[in-house]
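Colleague:
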Amino acid sequence: MLLGRIQVPPSVKRGEVFEVRVIVQHPMETGFRRDYDGKLIPLHIVDRLACRYGAREVFRVELGSGIAANPYFVFPVVATDSGEMVVEWSDDRGEKGRVSAMVNVA
Amino acid sequence: MKCDFARQTAALLLASLCICLHALAADPARPVPAKNGSEFESADVRALQSDDFANPMALWVERGKAFWSRTFDGRSCAGCHGDAARSMKGVAARYPRYDASAGEVIDLSRRIDGCVVGGLGAQKLDAESDDLLGLEAYIALQSRGMPMNVSVDGPAHATWEKGRGLYFTRVGQLNLACTNCHDASWGKRLLAETISQGQPTGWPAYRLEWQRPGSLQRRLRACFNGVRAAMPPYGSPDLVALELYLAWRAQGLPMEAPGVRR
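Residue numbers (the numbering used here), protein chains in the order written: chain D, 41 to 146; chain H, 14 to 275.
(1) Give the interface partners of ARG76 (chain H) over in chain D, defined as CB-CB distance under 7 Å, in chain order.
(2) On the three-state DSSP scale, how would you describe LEU42 (chain D)?
(3) Quickly, what does DSSP pair ARG225 (chain H) with across the bridge? List them, please.
(4) Tell me the DSSP secondary structure of ARG138 (chain D) in three-state form.
(5) Would you say the beta carbon of ARG275 (chain H) is closer than 8 Å to some non-hydrogen atom of the ligand ADP?
(6) Does the distance from the C-beta atom of GLY95 (chain H) to that of GLN155 (chain H) stay below 9 Å?
(7) Just by C-beta distance, which residues in the stretch 106-119 of chain D are closer than 9 Å to chain H?
(8) Report the neighbours of ILE63 (chain D) on chain H: residues whose CB is nearer than 8 Å to its CB, in chain order.
(9) Determine the chain D residues that contact ARG225 (chain H) at a beta-carbon separation under 9 Å, and present them in chain order.
(10) Give me the Cα-Cα distance between ARG262 (chain H) and PRO46 (chain H), rounded to the nearest whole angstrom.
(11) Under 9 Å between C-beta atoms, does TYR93 (chain D) make it to chain B?
(12) To which residues does DSSP link TRP129 (chain D) through a beta bridge?
(13) Output the distance between the C-alpha atoms of VAL110 (chain D) and CYS194 (chain H), rounded to the nearest integer angstrom.
(14) Would you mind working out which of H:ALA260, H:ALA205, H:MET268 and H:LEU72 sits nearest GLN230 (chain H), comparing C-alpha positions?
(15) Are the beta-carbon atoms of SER51 (chain D) and ALA141 (chain D) separated by less than 9 Å?
(16) Using C-beta distances below 6 Å, list every residue in its chain close to ASN238 (chain H), excluding the 5 sequence neighbours before and after it, in chain order.
(17) Can you find the residues in the same chain that come closer than 8 Å, C-beta to C-beta, to ASP75 (chain D), ignoring five residues on each side of it along the sequence?
(18) Does the Cβ of GLN186 (chain H) have 16 or more other Cβ atoms within 10 Å, making it buried, or fewer, making it exposed?
(19) Just to confirm, are PHE58 (chain D) and LEU89 (chain D) a CB contact at a threshold of 9 Å?
(20) Select from H:LEU252, H:SER164 and H:MET268 the residue whose C-alpha is nearest the C-alpha of GLY178 (chain H).
(21) Name, in chain order, the residues that DSSP records as bridge partners for ASP64 (chain H).
(22) Quick check: the Cα distance between GLN210 (chain H) and GLY200 (chain H), rounded to an integer number of angstroms?
(23) Rounded to a whole number of angstroms, what is the C-alpha to C-alpha distance between ARG107 (chain H) and SER164 (chain H)?
(24) Please work out which residues of its chain come closer than 6 Å, Cβ to Cβ, to ALA39 (chain H), disregarding the five sequence neighbours upstream and downstream, and give them in chain order.
(25) For the putative contact between TRP81 (chain H) and CYS90 (chain H), defined by C-beta atoms under 8 Å, what is the C-beta separation to the nearest angstrom?
(26) Pick from H:VAL130, H:GLU54, H:ARG234 and H:THR172: whose alpha carbon is nearest that of PRO250 (chain H)?
(27) Mind reading off the beta-carbon distance from ASP143 (chain H) to ARG76 (chain H)? Whole number of angstroms is fine, and I expect it under 8 Å.
(28) Name the residue from D:MET68, D:ILE46 and D:ALA95 whose alpha carbon lies nearest to the alpha carbon of ASP87 (chain D).
(29) Return the CA-CA distance between ILE152 (chain H) and GLY132 (chain H), expressed in angstroms with no decimal places.
(30) For LEU80 (chain D), list the residues DSSP reports as bridge partners.
(31) Near ALA60 (chain H), which residues of its chain fall below 7 Å by C-beta distance, leaving aside the five closest residues on each side in sequence?
(32) According to DSSP, which residues form a beta bridge with PHE237 (chain H)?
(33) Suppose contacts are defined by Cβ-Cβ distances below 9 Å. Is ALA270 (chain H) in contact with TRP216 (chain H) by that definition?
(34) Can you tell me whether THR214 (chain H) is buried or exposed, with buried defined as 16 or more other CB within 10 angstroms of its CB?
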């Protein structure tokens, strides 16, 4: 299970735009670097990440090899109803991660 | 009138001499004013460090926190030390320190390792491993804002002297000592970088160049590499002595670990 963190505001008003912040622990090895023996370090990246708000997908990203290690995402979401914000991601070796947070709409 | 002026000048000279002497007596070995490493970083790096969510070290802190309560045959860090927020408060600010059972000065990572192997009966944590850095970051976080407060008296004194010796010894193909940059030239530019005072208060830190966290020992090794000297191995007495000297040099400076550095 890959490690990550999520942050949403403690409470939001209906219709308000709020920020979801997500950070994922991953080396994001580009596949272009070489080790001290000159051998190529194989590609190892998170290649997809998606966020569901209740039943609806609100954010999806496909990542390439040019993203820095431990990628950090911030995206705006419109508050509709109280519900769970679930972020799931996986890397190119099939390892998965999941974090969630409750959104309380007042 | 003229006599008055002469007397005033003499008094002024005497006063400035006194100030100079006082400054010398204060501590020639410590940069004045002491500044944490983050003060030499760009605004965006400082912002990243002070944002408890975006600071990538928070991921390792989380890891350390999880390790703190993980059980090994019924034993855990929390089993002996309880709540880290209370028991570990100020601990990182006192390391490196003399450890009676080791018979020498040890740094925080070795102290942690001693507990993991001896106390938990778990496997030794490798230098720079995620778990060790995580624990170190989690423990250091509990001392955030507290002044560095190491002891260099008694059995630690010889190590401190060794560290001081190393700090002022020129090494490598560039033939530079720590002091040549971090006392004589801090605040000046070295290509795109501002030379820092070499304060250890932000470590372990996330270094953007490494794309991951690292210990103070790794940072020191990078300095050795930078002046093209042989790098002492992890855990070597030389590195620990330097760590102690730096901690003493930062005495009173508030801890800001886990930091972010370029």
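For each residue, glycine too, the CB sits at the ideal point set by N, CA and C. Note that this is a predicted model, so its numbers are computed, not measured.
Modeller: With the structure as the only source:
(1) What ARG76 (chain H) touches in chain D: LEU43.
(2) strand
(3) H:ARG220
(4) Under the three-state reduction of DSSP output, ARG138 (chain D) falls in the strand class.
(5) This structure does not include the ligand ADP; it has no bound ligands of any sort.
(6) no
(7) ALA108, ALA109, ASN110, TYR112 and VAL114
(8) Here the neighbours are PHE66, ALA67, PRO69, ALA71 and LEU72.
(9) Simply PRO67, ALA109 and ASN110.
(10) 12 Å
(11) Absent from the structure is chain B; the protein chains it does hold are D and H.
(12) D:LEU89 and D:GLY137
(13) Reading off the sequence shown, one finds Asn at residue 110 (chain D), where the question assumed Val. Rounded to the nearest angstrom, the two C-alpha atoms are 32 Å apart.
(14) Checked all of H:ALA260, H:ALA205, H:MET268 and H:LEU72; the closest Cα to GLN230 (chain H) is H:ALA260.
(15) no
(16) The beta carbon of ASN238 (chain H) lies closer than 6 Å to those of MET244 in the same chain, with the five residues before and after it left out.
(17) ILE81
(18) exposed
(19) Not closer than 9 Å, so no.
(20) H:LEU252
(21) The partner list for ASP64 (chain H) (beta bridge, DSSP) is empty, contrary to what the question assumes.
(22) 8 Å
(23) 7 Å
(24) Confidence at ALA39 (chain H) is low in this model, with a pLDDT of 47, below 50, so the placement of that residue is unreliable and no value is reported for it.
(25) In this structure TRP81 (chain H) is in contact with CYS90 (chain H), their Cβ atoms being roughly 5 Å apart against a cut-off of 8 Å.
(26) H:THR172
(27) Their Cβ separation, rounded to whole angstroms, is 6 Å, which keeps ASP143 (chain H) and ARG76 (chain H) in contact under 8 Å.
(28) D:MET68
(29) For the pair ILE152 (chain H) and GLY132 (chain H), the Cα-to-Cα distance works out to about 17 Å.
(30) D:ARG74
(31) In the same chain as ALA60 (chain H), and ignoring 5 residues on each side of it, no C-beta atom comes closer than 7 Å to its own.
(32) PHE237 (chain H) pairs with nothing; no bridge assigned.
(33) For ALA270 (chain H) and TRP216 (chain H), yes; Cβs fall inside 9 Å.
(34) buried
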